[in-house]
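As structure tokens, the structure follows; a few thoughts come after it.
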Amino acid sequence: MIKKYFRLLAGIFIAILFLWLALKDVSLYEVRLTMDKMTYYWIMPYLLVSLFSHYIRAERWKQLIERDEISTSRTTLFSGVMLGYLINYAVPRLGEVSRSVYVGNLEGISRTRLMGTVVLERFFDLLVMLLLMLFVAFYFLRDYSLIIAVLGTDTVRWLKALWSPDGMLVMGLAVTGAVLLLVAAYYLFLWISRWLPSVLNMINTLKDTATKFFQGLMSIREIRNWPLFILFTAVIWLCYILMTYIPFTAFGMHNEFGLGLQEALVITVISALGVALPSPGGIGTYHWFVSRSLLLLFAVPEAVGIAYAIVTHLVMMIIILTATPVILAFNRLIRSRDEMTIRRDGQKN
Numbered sequence: 001m002i003k004k005y006f007r008l009l010a011g012i013f014i015a016i017l018f019l020w021l022a023l024k025d026v027s028l029y030e031v032r033l034t035m036d037k038m039t040y041y042w043i044m045p046y047l048l049v050s051l052f053s054h055y056i057r058a059e060r061w062k063q064l065i066e067r068d069e070i071s072t073s074r075t076t077l078f079s080g081v082m083l084g085y086l087i088n089y090a091v092p093r094l095g096e097v098s099r100s101v102y103v104g105n106l107e108g109i110s111r112t113r114l115m116g117t118v119v120l121e122r123f124f125d126l127l128v129m130l131l132l133m134l135f136v137a138f139y140f141l142r143d144y145s146l147i148i149a150v151l152g153t154d155t156v157r158w159l160k161a162l163w164s165p166d167g168m169l170v171m172g173l174a175v176t177g178a179v180l181l182l183v184a185a186y187y188l189f190l191w192i193s194r195w196l197p198s199v200l201n202m203i204n205t206l207k208d209t210a211t212k213f214f215q216g217l218m219s220i221r222e223i224r225n226w227p228l229f230i231l232f233t234a235v236i237w238l239c240y241i242l243m244t245y246i247p248f249t250a251f252g253m254h255n256e257f258g259l260g261l262q263e264a265l266v267i268t269v270i271s272a273l274g275v276a277l278p279s280p281g282g283i284g285t286y287h288w289f290v291s292r293s294l295l296l297l298f299a300v301p302e303a304v305g306i307a308y309a310i311v312t313h314l315v316m317m318i319i320i321l322t323a324t325p326v327i328l329a330f331n332r333l334i335r336s337r338d339e340m341t342i343r344r345d346g347q348k349n
């Protein structure tokens with residue numbers, strides 16, 4: 001409980017800090033004038049693309065979950081994904097747990113195992129993000145000073161240290177030390193359990209939980225259709241790029257500043273860093289990274305960049321807050337109908 005409240009407070013602090021950084025040098029009057037000139041015809045295609053990306057995420061998750069003995073409902077997985085996004089607006093990273101619990105309860109699947117598949121899914125997203133970052137850095141952001149300006153000197157220094165031979169060695173030693181510590185703790189508890197049987201029960205419970213989580217991680221070995229899984233991943237990120245590109249038209253940024261799909265790719269990758277930070281729903285961090293990169297990379301005035309970040313983030317939040325209850329209700333209706341059909345067929349037999 002204390003950890004949950006600490007995570008919530010930390011997320012709120014990060015959100016407030018980055019919102020202040022994003023807004024401190026900007027005239028809110030100019031931001032309002034920019035938003036007054038905004039067009040609205042882009043919202044419908046934006047809505048469709050965003051919901052489609054979430055549905056494809058559910059389909060990709062289905063690839064990690066299903067086995068010969070396990071079958072899942074598409075509407076349940078889709079509603080679970082939407083619920084996860086909704087919860088993340090309240091407490092960062094709690095959405096991943098919430099969707100695992102939601103789907104696990106409805107489908108009768110180990111929630112711990114599902115959490116392992118969610119971690120594996122996020123690992124794939126992280127891998128794609130890193131690959132896209134390298135692609136953007138080498139092919140679009142050739143000026144190293146621009147990268148430093150967008151990410152910050154401390155961040156670049158930290159990344160360079162992390163990927164240096166010494167940094168990799170330290171990470172390897174840290175992981176090895178953590179594994180050895182866990183093994184030593186396991187055998188210590190086994191030794192203590194000779195005198196305290198209750199400790200042995202706790203060990204068995206933890207071991208069962210760890211086994212199910214590991215099974216979720218190892219679901220990568222049982223993916224039936226790798227080309228389809230990769231295709232789903234590519235479609236998800238293509239949707240993200242389109243969700244960055246489509247709102248350019250709201251402020252005439254495609255005409256006035258020449259922003260197209262290439263620039264949308266750059267902003268998508270940089271904004272992904274902001275969303276990855278533990279801020280509720282990317283509040284603050286998204287606004288700072290997006291407005292900062294638009295200013296430094298493409299000379300978009302700060303007021304326009306902030307207006308773009310506020311509007312796109314607000315529209316996405318409204319989509320999640322309004323669509324999720326509808327999708328959850330629809331899934332409940334579908335499941336109730338299916339259960340009634342099964343009961344009726346059972347009575348006939």
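Take the sequence shown: its position 15, counted from the start at 1, is 15 in my numbering, and no numbers get skipped.
Each residue gets a CB set at the ideal place from its N, CA and C atoms; glycine is no exception.
These numbers come from a predicted model, not from an experiment.
Cβ separation of residue i and residue j, assumed to be a contact under 8 Å, to the nearest whole Å
{"i": "Tyr89", "j": "Gly274", "result": "Contact flag wrong, Cβ pair sits at about 15 Å."}
{"i": "Leu106", "j": "Thr76", "result": "5 Å"}
{"i": "Met38", "j": "Phe251", "result": "6 Å"}
{"i": "Phe232", "j": "Ile65", "result": "That belief does not hold up - the Cβ atoms of Phe232 and Ile65 are roughly 13 Å apart, past 8 Å."}
{"i": "Met129", "j": "Val269", "result": "7 Å"}
{"i": "Gly104", "j": "Ser98", "result": "Their Cβ separation, rounded to whole angstroms, is 11 Å, which puts Gly104 and Ser98 out of contact at 8 Å."}
Given residue i as reference, the closest of the options once Cα atoms are compared
{"i": "Met35", "options": "Val101, Tyr308, Ser79 and Lys24", "result": "Tyr308"}
{"i": "Pro227", "options": "Pro247, Val290 and Gln63", "result": "Gln63"}
{"i": "Ile230", "options": "Leu51, Arg60 and Leu23", "result": "Arg60"}
{"i": "Arg93", "options": "Leu328, Leu321, Ser279 and Val128", "result": "Ser279"}
{"i": "Pro325", "options": "Thr72, Ser53 and Ser79", "result": "Ser79"}
{"i": "Arg67", "options": "Val91, Ile223 and Val175", "result": "Ile223"}
Cβ-heavy atom distance, residue i to the ligand SAH, below 8 Å
{"i": "Phe135", "result": "The ligand SAH is not part of the structure shown, which contains no ligands of any sort."}
Residue i classed as buried or exposed, judged by whether at least 16 other C-beta atoms fall within 10 angstroms
{"i": "Asn331", "result": "buried"}
{"i": "Gly216", "result": "Low confidence applies here, because Gly216 scores a pLDDT of 47, under 50, leaving its location unreliable; read the following figure in that light. It counts as buried."}
{"i": "Leu114", "result": "buried"}
{"i": "Met316", "result": "buried"}
{"i": "Ala184", "result": "exposed"}
{"i": "Glu263", "result": "buried"}
{"i": "Leu9", "result": "exposed"}
{"i": "Ser336", "result": "exposed"}
{"i": "Arg122", "result": "exposed"}
{"i": "Thr341", "result": "exposed"}
{"i": "Leu27", "result": "The question names Leu, but residue 27 in the sequence shown is Ser. With fewer than 16 Cβ atoms within 10 Å of its Cβ, Ser27 is classed as exposed."}
{"i": "Leu242", "result": "buried"}
{"i": "Val91", "result": "buried"}
{"i": "Ser71", "result": "exposed"}
{"i": "Thr112", "result": "buried"}
{"i": "Glu339", "result": "exposed"}
C-beta contact flag for residue i and residue j at 9 Å
{"i": "Val49", "j": "Ile306", "result": "no"}
{"i": "Gly284", "j": "Leu120", "result": "no"}
{"i": "Thr244", "j": "Leu265", "result": "yes"}
{"i": "Phe289", "j": "Ser271", "result": "yes"}
{"i": "Ile319", "j": "Leu134", "result": "no"}
{"i": "Ser73", "j": "Ile327", "result": "no"}
{"i": "Ser53", "j": "Tyr240", "result": "yes"}
{"i": "Leu294", "j": "Val304", "result": "yes"}
{"i": "Val311", "j": "Phe257", "result": "no"}
{"i": "Leu86", "j": "Leu261", "result": "no"}
{"i": "Val81", "j": "Ala58", "result": "yes"}
C-alpha distance - residue i paired with residue j, whole-angstrom precision
{"i": "Tyr29", "j": "Pro45", "result": "29 Å"}
{"i": "Val101", "j": "Leu83", "result": "11 Å"}
{"i": "Ser108", "j": "Arg343", "result": "Looking at the sequence shown, residue 108 is not Ser but Gly. Going by the C-alpha atoms only, they are around 18 Å apart."}
{"i": "Gly116", "j": "Ala178", "result": "19 Å"}
{"i": "Val136", "j": "Leu259", "result": "15 Å"}
{"i": "Ala15", "j": "Asn225", "result": "39 Å"}
{"i": "Ile12", "j": "Ile43", "result": "28 Å"}
{"i": "Asp25", "j": "Met171", "result": "38 Å"}
{"i": "Leu238", "j": "Leu131", "result": "14 Å"}
{"i": "Leu314", "j": "Leu181", "result": "45 Å"}
{"i": "Leu17", "j": "Leu127", "result": "28 Å"}
{"i": "Val118", "j": "Glu96", "result": "7 Å"}
{"i": "Leu47", "j": "His254", "result": "20 Å"}
{"i": "Leu33", "j": "Ala329", "result": "39 Å"}
{"i": "Ser291", "j": "Phe124", "result": "27 Å"}
{"i": "Leu173", "j": "Pro165", "result": "12 Å"}
{"i": "Ile267", "j": "Ala323", "result": "26 Å"}
{"i": "Leu19", "j": "Val175", "result": "34 Å"}
{"i": "Tyr40", "j": "Glu302", "result": "21 Å"}
{"i": "Leu169", "j": "Leu23", "result": "39 Å"}
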